[in-house]
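Visitor: When the letters of the sequence shown are read in order and numbered with this note's numbering, they come out as residues 16 to 376.
Note that the Cβ used here is the ideal one computed from N, Cα and C, for glycine as well.
Quick caveat, the model's predicted, so the values are computed rather than measured.
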Amino acid sequence: MVRRKKITALPTENMVLDALESAVLVLGSDYHIRYMNPAAENLLCISQHQALGQALSAFCSIVGDEHFTTLFADVATANMAILRRALSLVLSEGGRAVVDLVVTPAPTGGLILEMRPMELLARHAEEEMQDRIYGVAQEMLRGLAHEIKNPLGGLRGATQLLERELQRPELKDYTRVILHEVDRLHHLVDRLQGPRSRPVFAEVNIHQVLEHVRRLLNAELPTGIFLRFDYDPSIPDILADQEQLVQVFLNLMRNAQQALDRHGTILIRTRVDRYVTLLHHKFRLALRVDVVDSGPGIPPDLLPRIFLPLVTSRAEGMGMGLAIAQGLVRGHGGVVHCHSQPGETVFSVSLPLLPHREASA
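Shown next, in the form of structure tokens:
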């Protein structure tokens with residue numbers, strides 16, 4: 016009996032386009048939208064259901080003298096692809112986007128548009144740089160921790176022996192100070208090394224985590240700082256370590272509070288992003304939590320190093336909160352991004368939304 020080989024079905028064209036990070040739109044011969052992939056929906060802030068049969072100009076326009084109609088006509092006349100780099104778009108929601116745009120004649124008539132946001136390219140470059148810096152920093156910290164802990168152990172032991180020999184009680188106050196400072200330095204070195212335990216995954220409701228952090232912060236917030244929340248109630252439970260997530264968002268919200276001093280607003284926003292790349296892995300769905308503050312912003316020279324230990328713009332700060340948050344999120348397969356300008360700083364935590372069996376594998 017001859018066994019037939021199992022033939023794996025090839026993905027359809029739409030499945031392939033849906034998985035792309037680039038925004039792809041297919042226009043008919045009337046230049047109305049016939050298809051758009053999820054990346055295009057995210058970019059234009061419109062669903063495919065709402066956009067079908069509509070002109071692209073209903074949802075965005077080109078900044079400057081050029082218009083989509085003349086650009087499309089040029090492509091149709093030349094019957095060849097046209098590339099526009101760093102094209103500035105104004106979106107119908109009032110936002111802006113800068114994209115590399117390729118317009119190609121479709122074999123069956125109409126046009127195929129591919130938009131690659133410059134922000135996406137910048138984010139990939141930022142992640143690669145963060146990966147390199149994070150890896151080098153962790154190696155340096157592990158070596159430094161080893162070199163510091165060895166003499167600390169000797170110092171603690173010698174101090175305890177000295178304390179036993181001292182007869183006058185007032186002199187023992189000095190040895191207790193030494194022991195306290197040795198233990199404090201030991202604890203600081205442990206924190207520099209990052210999380211010491213692997214996350215224990217269980218089903219977690221992200222909004223319950225955020226509400227718990229809200230209750231913890233309410234008691235310490237100055238009266239001039241206001242917390243606002245914008246939740247997407249459709250977000251499902253995620254597989255995560257709840258205690259570690261509490262630590263992440265407590266660190267980020269306290270960082271926002273300190274940036275505001277005593278006046279301003281902190282916004283916590285939850286959303287679902289589609290077809291996202293996190294730590295070089297692609298996910299169909301990802302949770303995004305934005306922590307937005309209305310403070311003065313982060314100095315541009317500090318921004319590339321903001322997640323490194325001991326990096327801070329505050330004289331009284333230790334520069335540990337953001338480094339710990341980034342380490343914990345990376346342990347969940349996610350990443351923290353930061354974008355800052357005067358009047359608005361956004362820390363975005365992105366975590367994969369995975370089926371239970373995939374996340375626990």
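Tell me, to the nearest whole angstrom, how far the beta carbon of V228 is from that of L167; I am working on the premise that it is less than 8 Å.
Guide: Numbered from 1 along the sequence shown, position 213 holds the residue referred to as residue 228. Numbered from 1 along the sequence shown, position 152 holds the residue referred to as residue 167. Incorrect: roughly 33 Å between the Cβ atoms, too far for contact.
Visitor: Please work out which residues of its chain come closer than 8 Å, Cβ to Cβ, to D33, disregarding the five sequence neighbours upstream and downstream, and give them in chain order.
Guide: Locating residue 33 in the sequence shown gives position 18, counting from the first residue. So the list reads N52, P53 and Y290, once near-sequence residues are dropped.
Visitor: Quick check on DSSP: helix, strand or coil for Y46?
Guide: Indexing the sequence shown from 1 puts residue 46 at position 31. It is coil, neither helix nor strand.
Visitor: Below 8 Å between beta carbons: does that hold for E108 and V39?
Guide: The sequence position of residue 108 within the sequence shown is 93, counting from 1. The sequence position of residue 39 within the sequence shown is 24, counting from 1. Cβ atoms of E108 and V39: not closer than 8 Å.
Visitor: Helix, strand or coil, according to DSSP, for E180 in the structure here?
Guide: Locating residue 180 in the sequence shown gives position 165, where the first residue counts as 1. E180: helix per DSSP, three-state reduction.
Visitor: Would you identify the three-state DSSP class for R199, choosing helix, strand or coil?
Guide: Translated into positions along the sequence shown, residue 199 becomes position 184. DSSP places R199 in helix when its eight states are reduced to three.
Visitor: Label D308 either buried or exposed according to how many other C-beta atoms from any shown protein chain fall within 10 Å of its C-beta, with 16 as the threshold for buried.
Guide: If you number the sequence shown from 1, residue 308 lands on position 293. By the 10 Å Cβ count, D308 comes out buried.
Visitor: If distances are taken between C-alpha atoms only, which option among F241, S249, H296 and H278 comes closest to G349?
Guide: Counted from its first residue, the sequence shown places residue 349 at position 334. It is H296 whose Cα lies nearest to the Cα of G349.
Visitor: Looking at the unbroken beta strand (DSSP E) that takes in I283, where does it start and where does it end?
Guide: By 1-based counting over the sequence shown, the position of residue 283 is 268. First-last of the beta strand (DSSP E) with I283: G279 to L293.
Visitor: Assign L35 to one of three DSSP states: helix, strand, or coil.
Guide: Translated into positions along the sequence shown, residue 35 becomes position 20. Reduced to three states, the DSSP call for L35 is coil.
Visitor: Between the region 252-263 and the region 312-325, do three or more beta carbon pairs fall short of 8 Å?
Guide: No: fewer than three Cβ pairs fall under 8 Å.
Visitor: Count the other C-beta atoms from every protein chain shown that fall within 10 angstroms of the C-beta of L186, then say buried if there are 16 or more, exposed otherwise.
Guide: Counting from 1 along the sequence shown, the entry for residue 186 is found at position 171. Classification for L186: exposed.
Visitor: Does N95 come out as helix, strand or coil in the three-state DSSP assignment?
Guide: Within the sequence shown, residue 95 is the residue found at index 80, counting from 1. The sequence given here places Met at residue 95; Asn does not occur at that position. In the structure shown, M95 sits in coil (DSSP, three-state: anything other than H, G, I, E or B).
Visitor: For Q341, count neighbouring Cβ atoms within 10 angstroms of its own Cβ and tell me buried if that reaches 16, exposed if not.
Guide: By one-based count along the sequence shown, residue 341 stands at place 326. By the neighbour-count rule (16 or more Cβ atoms within 10 Å), Q341 is buried.
Visitor: With a 10 Å radius around its C-beta and 16 neighbouring C-beta atoms as the bar for buried, classify T360 as buried or exposed.
Guide: Position 345 of the sequence shown, counted from the start, is the residue given in the question as residue 360. It counts as buried.
Visitor: Pop quiz: V118 and M133 are said to be a contact at Cβ under 8 Å. What is the actual Cβ separation, rounded to whole angstroms?
Guide: Position 103 of the sequence shown, counting from 1, holds the residue named residue 118. Position 118 of the sequence shown, counting from 1, holds the residue named residue 133. Not quite, the Cβ-Cβ distance comes to about 17 Å (not below 8 Å), so this is no contact.
Visitor: Which of the three DSSP states, helix, strand or coil, is assigned to K187?
Guide: The residue given as residue 187 occupies position 172 in the sequence shown. If DSSP states are grouped into helix, strand and coil, K187 belongs with the helices.
Visitor: Of all the options E56, D252 and A121, which has the alpha carbon lying nearest to the alpha carbon of I97?
Guide: Taking the first residue of the sequence shown as 1, we reach residue 97 at position 82. Among E56, D252 and A121, the Cα nearest to that of I97 belongs to A121.
Visitor: In three-state DSSP terms, what is I240?
Guide: Position 225 of the sequence shown, counting from 1, holds the residue named residue 240. DSSP places I240 in strand when its eight states are reduced to three.
Visitor: For Q65, which of I77, G79 and I48 has the nearest alpha-carbon?
Guide: Stepping through the sequence shown from its first residue, residue 65 is reached at position 50. Ranking I77, G79 and I48 by Cα distance to Q65 puts I48 first.
Visitor: What does the alpha-carbon distance come out to for the pair D188 and D276?
Guide: Position 173 of the sequence shown, counted from the first residue, corresponds to residue 188. Position 261 of the sequence shown, counted from the first residue, corresponds to residue 276. So the alpha carbons of these two residues sit roughly 37 Å apart.
Visitor: Which residues does DSSP list as the beta-bridge partners of M51?
Guide: Against the sequence shown, residue 51 aligns to sequence position 36. The partner list for M51 (beta bridge, DSSP) reads L40.
Visitor: When you compare each of M30, P357, I339 and V344 to V204 by their alpha carbons, which one comes out closest?
Guide: For the purposes of this step, residue 204 is identified with residue 189 of the sequence shown, where counting begins at 1. Checked all of M30, P357, I339 and V344; the closest Cα to V204 is I339.
Visitor: Closest by CA to L200, which one among K164, N233 and P315?
Guide: The residue labelled residue 200 in the question sits at position 185 within the sequence shown. Closest by alpha carbon: K164.
Visitor: In three-state DSSP terms, what is Q74?
Guide: Taking the sequence shown and counting its residues from 1, one reaches residue 74 at position 59. In the sequence on display, residue 74 carries Phe and not Gln. Correct three-state label for F74: coil.
Visitor: Just tell me which of E180, Q259, R303 and G312 has its CA closest to the CA of D2.
Guide: The chain is shown only over 16 to 376; residue 2 falls outside these bounds and no answer can be derived.
Visitor: My output table needs one value for L323: the three-state DSSP class, helix, strand or coil.
Guide: Locating residue 323 in the sequence shown gives position 308, counting from the first residue. If DSSP states are grouped into helix, strand and coil, L323 belongs with coil.
Visitor: With the cut-off set at 8 Å, would you say S62 and V105 are in Cβ contact?
Guide: Counting from 1 along the sequence shown, the entry for residue 62 is found at position 47. Counting from 1 along the sequence shown, the entry for residue 105 is found at position 90. Their beta carbons are not under 8 Å apart, which means S62 does not touch V105 by this criterion.
Visitor: Could you tell me which residues DSSP pairs with R131 in its beta bridges?
Guide: Position 116 of the sequence shown holds residue 131. DSSP output for R131 lists D115 as bridge partner(s).
Visitor: Would you mind working out which of C60, S103 and L71 sits nearest G79, comparing C-alpha positions?
Guide: Looking up residue 79 in the sequence shown gives position 64. Comparing Cα positions, the closest option is S103.
Visitor: What three-state label does DSSP hand E218 in the structure shown?
Guide: For the purposes of this step, residue 218 is identified with residue 203 of the sequence shown, where counting begins at 1. Three-state result, E218: strand.
Visitor: From this set, P214, N220, V90 and R179, which residue's C-alpha is nearest P248's C-alpha?
Guide: Within the sequence shown, residue 248 is the residue found at index 233, counting from 1. Nearest option by C-alpha distance: N220.
Visitor: Expressed to the nearest angstrom, what Euclidean distance is found between the alpha-carbon atoms of L293 and V344?
Guide: Here residue 293 corresponds to residue number 278 of the sequence shown, with the count starting at 1. Here residue 344 corresponds to residue number 329 of the sequence shown, with the count starting at 1. For L293 and V344, the distance between alpha carbons rounds to 11 Å.
Visitor: Give the C-beta separation of Q272 and I283 to the nearest angstrom, bearing in mind that I take them to be a contact with Cβ-Cβ under 8 Å.
Guide: In the sequence shown, counting from the first residue as 1, residue 272 sits at position 257. In the sequence shown, counting from the first residue as 1, residue 283 sits at position 268. Not a contact, Cβ separation roughly 12 Å.
Visitor: Under the three-state reduction of DSSP, which class applies to L67: helix, strand or coil?
Guide: Position 52 of the sequence shown holds residue 67. Three-state result, L67: coil.
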